[in-house]
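Enquirer: Numbering (my numbering), first residue to last: 1484 to 1734.
Each residue gets a CB set at the ideal place from its N, CA and C atoms; glycine is no exception.
It should be emphasised that the depicted structure is a prediction, and the values quoted were computed from it without experimental measurement.
#1: Just to confirm, is the Cβ distance from residue 1601 to residue 1627 under 8 angstroms?
#2: Secondary structure at residue 1728, three-state DSSP: helix, strand or coil?
#3: Less than 8 angstroms between the CB atoms is what I'm expecting for residue 1541 and residue 1590, so what's the real figure, rounded?
#4: Please report how far the alpha carbon of residue 1557 lies from the alpha carbon of residue 1527, in whole angstroms.
#5: Mind listing, in chain order, the continuous beta strand (DSSP E) runs of no fewer than 3 residues lying wholly within the region 1618-1645?
#6: Cutting at 6 angstroms between CB atoms, please list the residues of its own chain near residue 1511, excluding the five before and the five after it.
#7: Determine which residues share a DSSP beta bridge with residue 1554 and list them.
#8: Between the alpha carbons of residue 1727 and residue 1718, how many angstroms are there, rounded?
#9: Going along the chain, which unbroken runs of the alpha helix (DSSP H) with 4 or more residues stay wholly within the region 1550-1605?
#10: Looking at residue 1569 and residue 1539, is the spacing between their C-beta atoms short of 8 angstroms?
#11: Among 1722, 1665, 1548 and 1581, which one has its Cα closest to the Cα of residue 1571?
#12: Smallest Cα separation from residue 1545: which of 1650, 1592 and 1501?
#13: In terms of residues, what are the limits of the beta strand (DSSP E) holding residue 1538?
#14: How many Å lie between residue 1593 and residue 1632 at the Cα?
#15: With DSSP as the reference, label residue 1511 as helix, strand or coil.
#16: Among the candidates 1721, 1637, 1654 and 1733, whose CA atom is the shortest distance from the CA of residue 1470?
#17: May I ask you to report which of helix, strand or coil DSSP gives residue 1678?
#18: If you compare alpha carbons, which of 1533, 1514, 1497 and 1605 is closest to residue 1555?
#19: Just how far apart, CA to CA, sit residue 1704 and residue 1731?
#20: Going by DSSP, what residue range makes up the beta strand (DSSP E) through residue 1494?
#21: Could you give the distance in angstroms between the alpha-carbon of residue 1530 and the alpha-carbon of residue 1495?
#22: Find the nearest neighbour of residue 1489 within the set 1577, 1565 and 1595, judged by alpha-carbon distance.
#23: With residue 1657 as the anchor, note down where its beta strand (DSSP E) starts and where it stops.
#24: So what's residue 1714 in DSSP terms, helix, strand or just coil?
#25: My output table needs one value for residue 1608: the three-state DSSP class, helix, strand or coil.
#26: Give the straight-line distance between the Cα atoms of residue 1614 and residue 1658, rounded to the nearest whole angstrom.
Spelled out as structure tokens, the structure:
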């Protein structure tokens, strides 16, 4: 393993489905018009290719990861291919009380860590979730989230090198639809473009095979970086009304 190329983290998007409707969702789940669910065979093909790398941390996310019906199978596969990596499930935690005991056993047996974002008024669930994880003997991290951030602009005149260096999502290489993207915004921005009939930069992902051969290739700025700007924060809310200003900063 010491001879394998080393990367710190990779994210794998399992679904666009979500049980929340967060304004300014970085994965655009509240406007996504396709589930983009990853089959077990597809997921295993990702892992098989990635196993040529030494990866410290693998994050499984969505959408809402707990909506994935075959999540247990995927967790077992991830541990099979990566016995020494930290495997993390990203979730908003709302469905944890509904998970079956077989699920919790799979999580324990495969030493999976939960990373839970607790939003807005749901902060009151913090103690209950902490108690649940302790009872189930599961590793966990809980984050209280009260703000979402937006940093896209329609003006593609920013210095991509500078924006890439200060990017708040860096490094979060994400696998989506058989390709590896610089970040989830690049991977899923087409939902935003379609919704509001706009066009940002053409995405420039690479195949998983190319990424495995040269993991440093995505250290270079993406085409989208020149459309990024300083962080703007807004209070976390969920609502049905969708506006372009939920993601786009006016300059």
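Expert: Put simply:
#1: yes
#2: helix
#3: Residue 1541 to residue 1590, Cβ: 14 angstroms. No contact.
#4: 8 angstroms
#5: 1622-1628 and 1630-1635
#6: 1671, 1674 and 1675
#7: Paired residue(s): none; residue 1554 is not in a bridge.
#8: 16 angstroms
#9: 1554-1564 and 1584-1592
#10: yes
#11: 1548
#12: 1501
#13: 1537-1544
#14: 33 angstroms
#15: coil
#16: For the chain, the structure presents residues 1484 to 1734; residue 1470 sits outside this window and is missing.
#17: helix
#18: 1497
#19: 20 angstroms
#20: 1489-1496
#21: 10 angstroms
#22: 1565
#23: 1657-1659
#24: strand
#25: helix
#26: 33 angstroms
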